[in-house]
Amino acid sequence: MIVATTVAIGGMGLVCGVALAMAARFLAVHEDPRVEELTEILPGANCGGCGFAGCGEYAKAIIVDGAEVTLCAPGGAEILDNIAAFMGVEAEAGEKHVAIVLCGGDNAKAPRRFDYNGVADCNAAHAVDGGDKKCNHGCLGYGSCARACPVEAIEITGTGIAVVHPELCIGCRKCVKTCPRFIIEMVPESQATHVFCSSKDKGPIVKKACQVGCIGCRLCVKFGGESFEMDGFLARRNYETPIEDEDTVIDKCPGDCIVRQEKSAAG
Amino acid sequence: MAETETKTVENEALRIVSTSPHAHSGSDVQHIMLDVIIALVPAFLVACFFFGWDAIRLTFACVLGCVAVEALCRKAMGRDLGIADLSAVVTGILLAFNLPPSIPTWMAVVGSVFAIAVAKQVFGGIGYNPFNPALVGRVVLLISFPVAMTRWSQWTIPSPIGTVDAVTSATPLGLVKTSLLSSGTLPYSFDNATMLQMFTGATNGCIGEVSAAALLLGGAYLLWRRCITWHTPAFYIGTVAVFSAILWAVDPSHNMPPHFHLLAGGLMLGAIFMATDMVTSPVTLKGMAVFGIGCGVLTMVIRKWGGYPEGVSFAILLMNSITPLINRATRPRVFGHARKKTPDKK
Amino acid sequence: MARTKAQFKINGGVHPSYHKGLAAAKAIADMPLPALLRVSMSQHLGAPAQPTVAKGDTVKRGQVIGEAAGFISAAVHAPTSGTVKALAPAETATGAKAMAVDIEPDGEDAWVELTTHACWEETDPKQLVEIVADTGICGMGGAGFPTHVKLSPPPEKPIDTLIINGAECEPYLTADHRLMLEYADQIAEGAAIIRKILGAEKLIVAIEDNKPDAIDAMETALKDMKGDVTVLVLETGYPQGAEKQQIFAAIGKEVPSGGLPMDVGAVVENVGTTLAVWDAVVNGKPLTERVTTVTGFPVQTPGNVRSRIGTLYSDLLDFCGGTTGEVAKVISGGPMMGFAQHSLDVTTTKTTSGLLFLAPDQVSEFTSMPCISCGRCVVACPMYLVPSEISQMIEAEDYETAEEISVLDCIECGCCAFECPAHRPLVQHMKQGKSHIMLKRRQKKG
Chain L
2 MIVATTVAIG GMGLVCGVAL AMAARFLAVH EDPRVEELTE ILPGANCGGC
52 GFAGCGEYAK AIIVDGAEVT LCAPGGAEIL DNIAAFMGVE AEAGEKHVAI
102 VLCGGDNAKA PRRFDYNGVA DCNAAHAVDG GDKKCNHGCL GYGSCARACP
152 VEAIEITGTG IAVVHPELCI GCRKCVKTCP RFIIEMVPES QATHVFCSSK
202 DKGPIVKKAC QVGCIGCRLC VKFGGESFEM DGFLARRNYE TPIEDEDTVI
252 DKCPGDCIVR QEKSAAG
Chain X
26 MAETETKTVE NEALRIVSTS PHAHSGSDVQ HIMLDVIIAL VPAFLVACFF
76 FGWDAIRLTF ACVLGCVAVE ALCRKAMGRD LGIADLSAVV TGILLAFNLP
126 PSIPTWMAVV GSVFAIAVAK QVFGGIGYNP FNPALVGRVV LLISFPVAMT
176 RWSQWTIPSP IGTVDAVTSA TPLGLVKTSL LSSGTLPYSF DNATMLQMFT
226 GATNGCIGEV SAAALLLGGA YLLWRRCITW HTPAFYIGTV AVFSAILWAV
276 DPSHNMPPHF HLLAGGLMLG AIFMATDMVT SPVTLKGMAV FGIGCGVLTM
326 VIRKWGGYPE GVSFAILLMN SITPLINRAT RPRVFGHARK KTPDKK
Chain U
2 MARTKAQFKI NGGVHPSYHK GLAAAKAIAD MPLPALLRVS MSQHLGAPAQ
52 PTVAKGDTVK RGQVIGEAAG FISAAVHAPT SGTVKALAPA ETATGAKAMA
102 VDIEPDGEDA WVELTTHACW EETDPKQLVE IVADTGICGM GGAGFPTHVK
152 LSPPPEKPID TLIINGAECE PYLTADHRLM LEYADQIAEG AAIIRKILGA
202 EKLIVAIEDN KPDAIDAMET ALKDMKGDVT VLVLETGYPQ GAEKQQIFAA
252 IGKEVPSGGL PMDVGAVVEN VGTTLAVWDA VVNGKPLTER VTTVTGFPVQ
302 TPGNVRSRIG TLYSDLLDFC GGTTGEVAKV ISGGPMMGFA QHSLDVTTTK
352 TTSGLLFLAP DQVSEFTSMP CISCGRCVVA CPMYLVPSEI SQMIEAEDYE
402 TAEEISVLDC IECGCCAFEC PAHRPLVQHM KQGKSHIMLK RRQKKG
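As structure tokens, then:
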């Protein structure tokens, strides 16, 4: 009895062992070992900001398809250097960019034009009669960007507007892509003063829709010089040029939409 | 404060804007649950008649227990209480109906805690629970307190035969099981008088399951109110009938006749009120039929060959676990799609 | 000519409260010219029309002010004579913005020169299609599909059945019902014109059995027509007027998924569209007006109003005496598939079949409750989908699975959400899923 059991179990073990060994030998997937090494170098956040399905896929894309080495925003300069060194190419890191929601019109300052009843999602709300915010370019505050953010760097404030915490943002651009109103932009991390408005409408329309909208008065261009530029009726920050007299510009803006973002504040 | 200000900026109430449709049938979850409660009233009255104070004691204990636990869980999770939908009340009543009359109140409360906290709220509350909460509560009690859960009150068999006493403290199914195990014979014949007793509820069993008449009345109300469709109960009961009829035809000396199986135990309660639980049963009509057949087969398999005399609870819980699979397998053919599966052209 | 009951019945559908009595007995009333007409360039499915006038131009009624931009597009005509005051993007009933031409009527209401084709029987079908295209006719039932496209099927898809849709299954709306009562002969002749264009052997006029007077009227109007002509009596139910469901009810064939009615040899035209075709061919008149049902319990005098295309909703309401009591919701179209409006500063288009006002107690709001798997949406869906499952997939942003389980087949009829006891915004989920998938497809194409 004992012998039979031993033989049976042992035999089964042997057969399975041989089968596994054969499988390992003949069914092995030959992958470029560099892909795995490069995946190790990448941050491993799998945020998808590079446009690939995760760090592993991006590593594969770099090695197999020769994708750009500069696509990993969360990695920053250090990891870019590492990738570049690994691939033996030269790449220069620009400054890290973080996302920012260019709208300051929360529920207290920018009225809603109707009582939206439906799915709490910006894309869904935007498709229902054009969105419930009176301003066509204002943040709807239904949090599509916050849900898209892989690191929870976006907060929907109690007053119904999305705010990015720059210190948490890894720069993956997912929120930029998901916003139906295209009001999230990538800005250099060091910059703190922005035009918190995205409305290209004429002044009177903006004024009706929001207390803190840009009315296109050009005062910021007058006082801030090249650090601001006009896009139709909307002032935009030109981040190439620093603002010389920041306080004056902020002070002069009649719409109060040029604001210096405090480092830790949530708006 | 700021919000109310902005909402009146235009000096008029804001219109409601949503996607279509802008009309609704008027049904809601609360009304459905209320209908289920109304449908359970006849069975409750019968229970009060036969079990008296115990029926009232257990029903109130379970309902209060379930509602309190639901409210506590929701509060602990930081969500709205959600007890207004009355689903916890239904769970409480159904759990009480699945308990023997002599069980202590504290056990009933333990069952309620399991039913709501573990079987429902842990999964996210109504809509997310894979298993029927009341049945989970019952099964937990059955496993934890087997003695208390199988202690029945006295029951007189009107026309006893052979060795069986005139007074017994077992359920009809339990009696059959023990008799078959000990002596290999059926304990009694199933005559019209016994049948009438089991139909009206003058028998032993859990407080809500004894009266087939009251449960069928409740079922008719649910059908009339469109709270359930006929598919699940009909296929469930039909399968039990066919299965038991075959067994009986093959070997009448060791199997009870089909009408006994229909009236005994928790079949009517299970088929009409538990297997039709919306959340844990399939959404397609075909799926409901499959679900009913599965429940029927499992019930009979457990009754015939299982260790427990009754298999309704286990059958429904087992079928609950494959509900997602049934849903997937019974998706209707979409209008305009070929009847047989053709490879997708993409 | 025969009257038959529909033999084929689709599964699913719902029975909402119809409330048609509010306006069914009201004869069509002509609304006087308003002070301003804002004519949208995007009144139809497909590419918006290209404006051909400039600010300050004077136009005559029926003059082209926007020309079709491509094949699936339709021309837009001046609804009256007057001066072009502005060309600016304006919000449409769906909430999207589209270019619109503001016309200030001069009160003359002078037509451009019209070419009539009273003896259309001798006219070449191709020329008739051209007339339909030139007069800017599109489906007036709601979707606004350019009619000339429907009337030019490719030669490999012969059409044997023309269905004239008089079901009007949307609750509240009675415009088509009134048209059939008051213009039965013209609709019959319009149907004959379309039948000639398509070379269709069978003509079926489908009407729900809650409009017995319309059935009688159409029967009388069609009694001398030759060939295979039927008045098909449909059981009252929603959505009997939906194109695919109606074709099935009429000929028992299912339009294949992703296909068009012409794939089963059928074309469906709404009665309003049919009347417009008659007007265009026999009188040479471009589409410049339509009948809209202005209704709802808060409306002072509900009715069926013939107004110029481009009439402000507020003017339409004023013509009907305004509202009494509180209005919680305004809907352009019917309650099942119409679009809710936040303002009355929107103008009518060729597809505005109704303007519905709902009191607060008639509005049931959507919630974010989870699905309780009751399966009522599955029973109600006339496309045999599993809406509960699709909506859960879309909530989880699993668009691949949603596509696999045929979200693109959804016709957005609203039966699922009508039945849902959890009041889930199912149709919104469907729309969200469909637009997401279509966007992804377009991006893939480049």
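Protein chains in written order, with the working numbering: chain L, 2 to 268; chain X, 26 to 371; chain U, 2 to 447. Yeah, the Cβ is synthetic: ideal placement off N, Cα and C, and Gly gets one too.
The shortest C-alpha to C-alpha distance from E79/L to any of C146/L, C221/L, V36/L, A92/L is the one to A92/L.
The C-alpha of E234/X is placed about 5 Å away from the C-alpha of G291/X.
Straight-line measurement puts the Cα of L233/U at about 6 Å from the Cα of V206/U. CA-CA distance, Y59/L to E69/L, rounds to 10 Å.
Around the Cβ of D60/X, a 10 Å sphere holds 16 or more other Cβ atoms; the residue is buried. Your pair L163/U and L199/U checks out as a contact, with CB atoms roughly 6 Å apart and the cut at 8 Å. Rounded to whole angstroms, the separation of the alpha carbons of A418/U and F360/X is 19 Å.
Inter-residue distance for I412/U and Y385/U is about 11 Å (C-alpha atoms, whole angstroms).
DSSP, read as helix, strand or coil, puts D232/L in strand.
Separation of A189/U and M219/U (C-alpha to C-alpha, rounded to the nearest whole angstrom) is 7 Å. For the segment 44-60 of chain X, the set of residues with a beta-carbon nearer than 7 Å to any beta-carbon of chain L comprises T44, in chain order. Among the residues of chain X, those whose CB is under 7 Å from the CB of Y385/U are P357, R358, V359, F360, following chain order.
Comparing alpha-carbon positions, the option among A80/X, V143/X, D53/X lying closest to R251/X turns out to be D53/X.
If you draw a straight line from the Cα of C416/U to the Cα of G14/U, it comes to about 6 Å. Partner residues in a beta bridge of R443/U, as assigned by DSSP, do not exist.
Below 8 Å, enough C-beta pairs join the segment 299-312 of chain X and the segment 255-268 of chain X to call them touching: three or more.
Taking the beta carbon of E366/U as reference, the chain L residues within 8 Å of it are N118, listed in sequence order. In this structure, DSSP gives W112/U an extended state, which the three-state scheme calls strand. Among the residues of the segment 106-131 of chain L, those with a Cβ less than 9 Å away from any Cβ of chain X are D107, N108, A109, K110, A111, P112, R113, R114, F115, D116, Y117, N118, G119, V120, A125, A128, V129, D130, in the order of the chain. A residue is called buried when at least 16 other Cβ atoms come within 10 angstroms of its Cβ; S346/X does not meet this threshold and is exposed.
Taking 8 Å as the cut-off, the Cβ atoms of A201/U and D161/U count as close.
Residue environment: H16/U is assigned as exposed (fewer than 16 neighbouring CB atoms within 10 Å of its CB, all protein chains considered). In this chain, the beta strand (DSSP E) harbouring N271/U covers 267-271. Where M42/U is concerned, there is no enclosing alpha helix (DSSP H), because DSSP gives it neither an H nor an E.
Bounds of the alpha helix (DSSP H) holding T324/X are 310-330. Per the DSSP secondary-structure output, E290/U pairs in a beta bridge with R309/U.
Bridge partners of T84/U according to DSSP: T59/U, E105/U. For G96/U, the C-beta contacts it makes with chain L under 8 Å involve A128, V129, D130, G131, G132, in order along the chain.
Taking CB atoms only, S258/U has a neighbour in chain X less than 8 Å away. With the criterion set as a beta carbon lying under 9 Å from some beta carbon of chain X, the members of the segment 322-347 of chain U are E327, V328, A329, K330, V331, I332, G334, G335, P336, M337, M338, G339, F340, A341, Q342, H343, S344, in sequence order. By the beta-carbon neighbour count (other beta carbons within 10 angstroms, threshold 16), A28/U is exposed.
Counting the other CB atoms within 10 Å of its CB gives T242/L a total below 16, which places it among the exposed residues. Spanning the alpha carbons of A30/U and W279/U requires a straight line of approximately 20 Å. Runs of the beta strand (DSSP E) spanning 3 or more residues and lying entirely within the segment 173-219 of chain L occur at 185-189, 194-196, in chain order. With a 10 Å radius around the Cβ and a threshold of 16 neighbouring Cβ atoms, I318/X comes out buried.
Closest in alpha carbon position to G326/U, among L313/U, G339/U, F298/U, H343/U, is F298/U.
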